[in-house]
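Just so you know, we're using full-length UniProt numbering here: the sequence shown kicks off at 1 and counts up by one.
For every residue, glycine included, the Cβ atom is placed at its ideal position computed from N, Cα and C.
Quick notes on the structure that follows.
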Amino acid sequence: MAVLGVVRTGAAYLPIDGHAPADRVTAVLNDSGAQAVIVGRGAERRPRPFGTGADTPVLTVPAAAGAQIVEEVDTASPGLASW
């Protein structure tokens, strides 16, 4: 669901392995210029993602969110960041 929400807004999605070393996560987030971080439930108990400033929102998505059925929307266009 989180990926769909990101793509639906025209933003870019950058998957990061939750088991990656902290320095790798820091480098990826710093290089990307991420404006927000979306994490799964349970990740909120971990330290704040490295490379995110105090003002960067960290959003938690419940595990059940992926089970919801959503209406199909055709929004693919060359102007969107994910395409």
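8 angstroms or more divides the Cβ of Val3 from the Cβ of Val37. Excluding its 5 nearest sequence neighbours in each direction, Leu14 has C-beta neighbours in its own chain below 6 angstroms: Ser32, listed in chain order. The Cβ neighbour count for Ala34, taken over all protein chains shown within 10 Å, is at least 16; the residue is labelled buried. Gly5 sits in a helix when the DSSP states are folded into three classes.
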